[in-house]
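Inspection log for the structure reproduced underneath, given as structure tokens.
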Amino acid sequence: MATKRITGSQAVILSLLEEGVDTIFGYPGGAIMPIYDALYDFDKHVTHILTRHEQGAVHAAEGYAKVTGKAGVCFATSGPGATNLITGIADAQIDSIPLVCITGQVASPLLGTDAFQESDVVGISMPVTKWNYQVTSAEEIPDAIAKAFYIAQSGRPGPVLLDIAKDAQFQELDFEYKKCTKIRSYIPEFPVDPFKVKEAADLINAAKKPLLLFGQGVIIANAEDELKAFIEKTGIPAAWTLLGLSALPTDHPLNVGMLGMHGNYGPNIKTNEADLIIAVGMRFDDRVTGKVSTYAKNAKIIHLEVDPAEINKIVKADVPVLGNARNSLAMLMENVQQNKHDAWVQEFRDCDKIEYEKVIQKDIFPEKQGLTMGEAVRIASEKTNHEAILVTDVGQQQMIASRYFKFKHSKSNVTSGGLGTMGYGIPAAVGAQLGAKDRKVVTFVGDGGFQMTLQELGTIVQNKLPVKIILLNNNFLGMVRQWQQLFFEKRYSFTELTNPDFIMIANGFGMPAHKVTKREELEAGIQKMMEHDGPYLLEVVVEKEDNVFPMVPAGASVSDIILEA
Amino acid sequence: MKQEFNITIFSENHIGLLNRITIIFTRRKINIESLTVSASALKGISKFTIVVNETQDRVMKVVSQLEKVVDVMKAFYHTNDEMIFQEIALYKVPTEALYNTDKIEKMVRNAGARILEITREYTVIEKTGHKEETQALFEQLNEFHVMQFIRSGRIAITRDPIERLSEFLKERDAMFDALD
Ligand SMILES: Cc1ncc(C[n+]2csc(CCOP(=O)(O)OP(=O)(O)O)c2C)c(N)n1
Numbered sequence: 001m002a003t004k005r006i007t008g009s010q011a012v013i014l015s016l017l018e019e020g021v022d023t024i025f026g027y028p029g030g031a032i033m034p035i036y037d038a039l040y041d042f043d044k045h046v047t048h049i050l051t052r053h054e055q056g057a058v059h060a061a062e063g064y065a066k067v068t069g070k071a072g073v074c075f076a077t078s079g080p081g082a083t084n085l086i087t088g089i090a091d092a093q094i095d096s097i098p099l100v101c102i103t104g105q106v107a108s109p110l111l112g113t114d115a116f117q118e119s120d121v122v123g124i125s126m127p128v129t130k131w132n133y134q135v136t137s138a139e140e141i142p143d144a145i146a147k148a149f150y151i152a153q154s155g156r157p158g159p160v161l162l163d164i165a166k167d168a169q170f171q172e173l174d175f176e177y178k179k180c181t182k183i184r185s186y187i188p189e190f191p192v193d194p195f196k197v198k199e200a201a202d203l204i205n206a207a208k209k210p211l212l213l214f215g216q217g218v219i220i221a222n223a224e225d226e227l228k229a230f231i232e233k234t235g236i237p238a239a240w241t242l243l244g245l246s247a248l249p250t251d252h253p254l255n256v257g258m259l260g261m262h263g264n265y266g267p268n269i270k271t272n273e274a275d276l277i278i279a280v281g282m283r284f285d286d287r288v289t290g291k292v293s294t295y296a297k298n299a300k301i302i303h304l305e306v307d308p309a310e311i312n313k314i315v316k317a318d319v320p321v322l323g324n325a326r327n328s329l330a331m332l333m334e335n336v337q338q339n340k341h342d343a344w345v346q347e348f349r350d351c352d353k354i355e356y357e358k359v360i361q362k363d364i365f366p367e368k369q370g371l372t373m374g375e376a377v378r379i380a381s382e383k384t385n386h387e388a389i390l391v392t393d394v395g396q397q398q399m400i401a402s403r404y405f406k407f408k409h410s411k412s413n414v415t416s417g418g419l420g421t422m423g424y425g426i427p428a429a430v431g432a433q434l435g436a437k438d439r440k441v442v443t444f445v446g447d448g449g450f451q452m453t454l455q456e457l458g459t460i461v462q463n464k465l466p467v468k469i470i471l472l473n474n475n476f477l478g479m480v481r482q483w484q485q486l487f488f489e490k491r492y493s494f495t496e497l498t499n500p501d502f503i504m505i506a507n508g509f510g511m512p513a514h515k516v517t518k519r520e521e522l523e524a525g526i527q528k529m530m531e532h533d534g535p536y537l538l539e540v541v542v543e544k545e546d547n548v549f550p551m552v553p554a555g556a557s558v559s560d561i562i563l564e565a
Numbered sequence: 001m002k003q004e005f006n007i008t009i010f011s012e013n014h015i016g017l018l019n020r021i022t023i024i025f026t027r028r029k030i031n032i033e034s035l036t037v038s039a040s041a042l043k044g045i046s047k048f049t050i051v052v053n054e055t056q057d058r059v060m061k062v063v064s065q066l067e068k069v070v071d072v073m074k075a076f077y078h079t080n081d082e083m084i085f086q087e088i089a090l091y092k093v094p095t096e097a098l099y100n101t102d103k104i105e106k107m108v109r110n111a112g113a114r115i116l117e118i119t120r121e122y123t124v125i126e127k128t129g130h131k132e133e134t135q136a137l138f139e140q141l142n143e144f145h146v147m148q149f150i151r152s153g154r155i156a157i158t159r160d161p162i163e164r165l166s167e168f169l170k171e172r173d174a175m176f177d178a179l180d
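Residue numbers (UniProt numbering), protein chains in the order written: chain A, 1 to 565; chain B, 1 to 180.
As structure tokens, this is what we get:
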């Protein structure tokens, strides 16, 4: 490739284009102005979305990455711009989301002088990035960006940050771009060991009560088909983690539901009865395992995992199988026998029946007067024919939506799992909609979380993104209130909110909105929202003191899951 | 049970990497007893030797986290028994004390230490050995008021007849070739 003489800022944009970037989320400021100036000439090639806060930009980039599988890209200026990204970067780090964050930095001669808007962004972001790097000369830019994309998107994905000094943005260089395909100190994934596969297959073939647990690793590795083929051949029931949602259709006969603190009854109690656990692309998070010392004690554990550091981190694996889930499942498939576990699967269905009678029916077809979160979720899922992308914020509404929204397609669940970041939902929906322009994006948010990032309504309206927002208003920081009720003797310490008029707020941003308070209006309200061409906010006033059940109380065993208080 | 472990890290020689490595310890509230970094025998590759007092389980997990760092090539851990290790200590004592008695000379001789420099005012003594040994000499010399004392971090070499890093590099190259 012929080289040409351009500025560092132009090199940033051209490098992003070389990586196939079509959308950038960002917010300008002094130290990144040269890059924004270069961007001005490329508006035909790349869309820049101006969010209303850098936290919005980084969550939007996460939403984009979740639905596309590609790295989300965001820009911020030095100092406060960069520090505003940190929450989203930490979120992406714990949820393995590929991000390339580019921050402006003061000119290199000023580094370390407490210059205006100087902050040590490389230092601050180090614990929450997969890799980061400070660029102080223009020549470094193409290689640094190539490396950034390679690291963010390979192996176990994660966020990377490039901090580019302002003088490097102005300097000229001879531009030539070469994608990065190898770093000598970095092995993104190990080849699958056929001996381990054989060992795992032997356990699988001999198991009487096997249970497969799958997480986001399946989605990241594009292993959905392999997973489905594997469980269909072996007849093994499969349960998803919060981040594994949508990797298998909800109604698949072997999908036995969600693990974890507010997951389904069956997979939680059956974890402790299973004689074999096959964990695929999941990391035994404490919200999944409950008390680890009593977790899955009757089972041998097979762990299919791309990240060696996850092996034996929480739960000791009898057979660890390193490698990406797609390769390892495909190899396992060749070594396992066709089988059926009908009686065992039926035990899950019996649990479902108990859960339905004790919990689900009351949640999604309530007879009491007040509205429930569950019925709103059920109707929203039905009205979109279970084809929509679900975005959630954090709290009760997140758990209820994860429990009752149904999926037909993978990469359809956008939520903050590991970090539990309130304020994630609205900006993540921005990115999800831009990453999946032809799909319906339905966002559930609580009245608390909504008020953390509601300014992004402005971004939604400015860019005419047809995001559907369902604000489930219980007038409380609901999830915290639930814990106060159950574990702190109903001492509701600072969890009640005096809320603004949400309809006026949406309208103020130029977004149509409607408020529903009665059951008779709910279905029509949701229908109207879904039919509306453009963004829409529906406020659903729900019971103030409803709780999410079932629940594995913090520190209890998964088999001690409770169905009611 | 906690015991002393030697963690050896082979890495790129990049700015900020020391920070990336130490935060892995800090986050888990593990104290670093000693840390040495310098160029290794491999061109461009640095070698860290970090000593911690921890349980084997925690050390194993820290080592896997260290290996996740992009610029880290490989990390190992070893008990003290599995390694030959040394520290170096320097002592500055008043030269006057050497004139007045032959005690210091005897201490130096018995400890296998050596004298690096003698001036009118001070004498600098050097000793290599384990911490207890360099410490013992300090206690003895301090009778004559040691003016300055410094001990290096630990450096260590495995007793293993197999060179595990070379083995690893061979495996890694084969893996990269397979990927190409
Ligand atoms: C940034 C942040 N701050 C605090 C919390 C702790 N927290 C978890 S859930 C929750 C309540 C959320 O309330 P709301 O947004 O109204 O949703 P609800 O639970 O009522 O559905 C809080 C405060 C958090 N997860 N994130």
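Built from N, CA and C at the ideal position, the CB exists for glycine as well.
In this text the structure is predicted, and so the values were computed from the model without any measurement.
Inset, instruction - Using 7 Å as the cut-off, classify the Cβ of Met551(A) as near or not near the heavy atoms of ligand 1, replying yes or no. - result: Position 551 of the first sequence, counted from the first residue, corresponds to residue 551(A). No - ligand 1 has no heavy atom lying nearer than 7 Å to the Cβ of Met551(A).
Legend entry - Given Lys464(A) as reference, the closest of Phe487(A), Val445(A) and Gln433(A) once Cα atoms are compared: Reading the first sequence from its first residue, position 464 is the one you call residue 464(A). When each option's Cα is compared against that of Lys464(A), the closest is Gln433(A).
Inset, instruction - Please list the partners that Val540(A) has in chain B, where partner means a Cβ-to-Cβ separation under 8 Å. - result: Position 540 of the first sequence holds residue 540(A). Within 8 Å Cβ-Cβ: nothing; Val540(A) doesn't reach chain B, min ~41 Å.
Inset, instruction - Return helix, strand or coil for Ala59(A), following the three-state DSSP convention. - result: As a first step, residue 59(A) must be located in the first sequence, where it is residue number 59. Sequence inspection shows His at residue 59(A); the Ala mentioned does not correspond to that position. Residue state, collapsed to three classes: helix.
Inset, instruction - Report the neighbours of Tyr186(A) on chain B: residues whose CB is nearer than 7 Å to its CB, in chain order. - result: Locating residue 186(A) in the first sequence gives position 186, counting from the first residue. Per Cβ cutoff of 7 Å: Val70.
Inset, instruction - Look at the alpha carbon of Tyr492(A) and the alpha carbon of Glu19(A), and state the distance between them as a whole number of angstroms. - result: If you number the first sequence from 1, residue 492(A) lands on position 492. If you number the first sequence from 1, residue 19(A) lands on position 19. Using only the alpha carbons, I get a separation of about 50 Å.
Legend entry - Given Gly29(A) as reference, the closest of Phe42(A), Lys4(A) and Gly79(A) once Cα atoms are compared: Translated into the one-based positions of the first sequence, residue 29(A) becomes position 29. Measuring from the Cα of Gly29(A), the nearest candidate turns out to be Gly79(A).
Inset, instruction - Going by CA-CA distance only, name the one from Gln346(A), Ile469(A) and Glu226(A) that's closest to Thr392(A). - result: As a first step, residue 392(A) is located in the first sequence; it is residue number 392 there, counting from the start. That would be Ile469(A), whose Cα lies nearest to the Cα of Thr392(A).
Inset, instruction - Give a yes or no on whether the C-beta atoms belonging to Cys180(A) and Lys147(A) are separated by under 8 Å. - result: Here residue 180(A) corresponds to residue number 180 of the first sequence, with the count starting at 1. Here residue 147(A) corresponds to residue number 147 of the first sequence, with the count starting at 1. With contacts defined by Cβ atoms closer than 8 Å, Cys180(A) and Lys147(A) form a contacting pair.
Inset, instruction - Please list the partners that Phe176(B) has in chain A, where partner means a Cβ-to-Cβ separation under 7 Å. - result: Locating residue 176(B) in the second sequence gives position 176, where the first residue counts as 1. Those within 7 Å of Phe176(B) in chain A are Lys182.
Inset, instruction - Could you work out which residue in Asp342(A), Phe25(A) and Ile269(A) is closest to Ile354(A) when comparing CA atoms only? - result: Working through the first sequence from its first residue, we reach residue 354(A) at position 354. Answer by Cα proximity: Ile269(A).
Legend entry - Contacting residues, own chain, Cβ-Cβ under 8 Å from Gly44(B) (five flanking each side not counted): Indexing the second sequence from 1 puts residue 44(B) at position 44. Glu12 and Asn13.
Legend entry - Cross-chain neighbours of Asn31(B) in chain A, by beta carbon under 7 Å: Along the second sequence, read from residue 1 onward, the residue named residue 31(B) stands at position 31. Going along chain A, no residue has its Cβ under 7 Å from Asn31(B), so there is no contact; the nearest lies around 18 Å.
Inset, instruction - Using three-state DSSP, classify Thr136(A) as helix, strand or coil. - result: Residue numbering aside, residue 136(A) sits at position 136 when the first sequence is read from its first letter. Reduced to three states, the DSSP call for Thr136(A) is coil.
Inset, instruction - Output the residue ranges of the alpha helix (DSSP H) runs that lie fully inside the UniProt domain "ACT" (6 to 80) of chain B and measure 4 residues or longer, sorted by chain position. - result: 17 to 27 and 56 to 68
Inset, instruction - Taking Lys408(A) as part of the beta strand (DSSP E), name the residues at either end of that continuous run. - result: Locating residue 408(A) in the first sequence gives position 408, counting from the first residue. Run containing Lys408(A): none; DSSP gives neither H nor E here.
Inset, instruction - Express the C-alpha separation of Pro159(A) and Ile503(A) in angstroms, rounding to a whole number. - result: In the first sequence, counting from the first residue as 1, residue 503(A) sits at position 503. In the first sequence, counting from the first residue as 1, residue 159(A) sits at position 159. Ile503(A) and Pro159(A): Cα-Cα distance of roughly 36 Å.
Inset, instruction - Go ahead and label Ser96(A) buried or exposed: buried means 16 or more other beta carbons lie within 10 angstroms of its beta carbon, across all protein chains shown. - result: Position 96 of the first sequence holds residue 96(A). With 16 or more Cβ atoms within 10 Å of its Cβ, Ser96(A) is classed as buried.
Inset, instruction - State yes or no: is the beta carbon of Met282(A) nearer than 8 Å to at least one beta carbon in chain B? - result: By 1-based counting over the first sequence, the position of residue 282(A) is 282. No, because no Cβ of chain B sits closer than 8 Å to the Cβ of Met282(A).
Legend entry - First and last residue of the uninterrupted alpha helix (DSSP H) at Ile562(A): Reading the first sequence from its first residue, position 562 is the one you call residue 562(A). If you look at Ile562(A), you'll find it isn't in any alpha helix (DSSP H); DSSP assigns it neither H nor E.
Legend entry - Three-way DSSP call (helix, strand, coil) for Val93(B) in this model: Locating residue 93(B) in the second sequence gives position 93, counting from the first residue. Strand, per DSSP.
Legend entry - Option nearest Val37(B) by Cα separation, candidates Glu143(B), Ala89(B) and Lys47(B): One-based indexing of the second sequence puts residue 37(B) at position 37. Nearest option by C-alpha distance: Lys47(B).
Inset, instruction - Quickly, what does DSSP pair Gly26(A) with across the bridge? List them, please. - result: As a first step, residue 26(A) must be located in the first sequence, where it is residue number 26. Beta-bridge pairing links Gly26(A) to Leu50(A) and Phe75(A).
Inset, instruction - Take the Cβ of Asn132(A) as the centre, count every other Cβ of all protein chains shown within 10 Å, and call the residue buried at 16 or more, exposed below. - result: To locate residue 132(A), count along the first sequence from 1; it is residue 132. It counts as buried.
Inset, instruction - Give the DSSP bridge partners of Ile301(A), in chain order. - result: Within the first sequence, the letter at position 301 stands for residue 301(A). DSSP, once it has assigned bridges, lists Ile277(A) as partnering Ile301(A).
Legend entry - Secondary structure of Lys198(A), DSSP reduced to three states: The residue labelled residue 198(A) in the question sits at position 198 within the first sequence. DSSP places Lys198(A) in helix when its eight states are reduced to three.
Legend entry - Heavy atom of ligand 1 within 7 Å of Asp393(A) beta-carbon: Here the question's residue 393(A) lines up with position 393 in the first sequence. Under cutoff, so the answer is yes.
Inset, instruction - Give the interface partners of Arg27(B) over in chain A, defined as CB-CB distance under 9 Å, in chain order. - result: If you number the second sequence from 1, residue 27(B) lands on position 27. Here the neighbours are Pro127.
Inset, instruction - Kindly say whether Arg20(B), judged by its beta-carbon, lies nearer than 8 Å to any beta-carbon of chain A. - result: Stepping through the second sequence from its first residue, residue 20(B) is reached at position 20. So, interface residue.
Legend entry - the segment 71 to 90 of chain A contacting the segment 150 to 170 of chain A, beta-carbon criterion three pairs below 8 Å: Taking 8 Å as the limit for Cβ pairs, the verdict is that the segment 150 to 170 of chain A does touch the segment 71 to 90 of chain A.
Inset, instruction - Tell me the start and end of each unbroken alpha helix (DSSP H) in the segment 439 to 524 of chain A that is at least 4 residues and wholly inside, in chain order. - result: 447 to 453, 457 to 462, 478 to 487 and 502 to 508
Inset, instruction - Report yes if the C-beta of Asp91(A) is less than 7 Å from at least one heavy atom of ligand 1; otherwise report no. - result: The count along the first sequence starts at 1 and reaches residue 91(A) at position 91. Outside the cutoff, so no.
Legend entry - Pick from Ile49(A), Ala90(A) and Ala380(A) that is closest to Thr421(A), judged by C-alpha positions: As a working note, residue 421(A) is residue 421 in the first sequence. Of the listed residues, the one whose Cα sits closest to Thr421(A) is Ala90(A).
Legend entry - chain B contacts made by the UniProt domain "Thiamine pyrophosphate enzyme central" (197 to 332) of chain A, where a contact means CB separation under 9 Å: Result list: Asp307, Pro308, Ala309, Glu310, Ile311, Asn312 and Lys313.
Inset, instruction - List the endpoints of the continuous beta strand (DSSP E) containing Phe214(A). - result: As a position in the first sequence, residue 214(A) is number 214, starting the count at 1. Here the beta strand (DSSP E) through Phe214(A) covers Pro210 to Phe214.
Legend entry - Stretch-stretch touch, CB-based, cutoff 8 Å, three pairs: the segment 123 to 139 of chain B with the segment 89 to 96 of chain B: Yes, the segment 123 to 139 of chain B touches the segment 89 to 96 of chain B.
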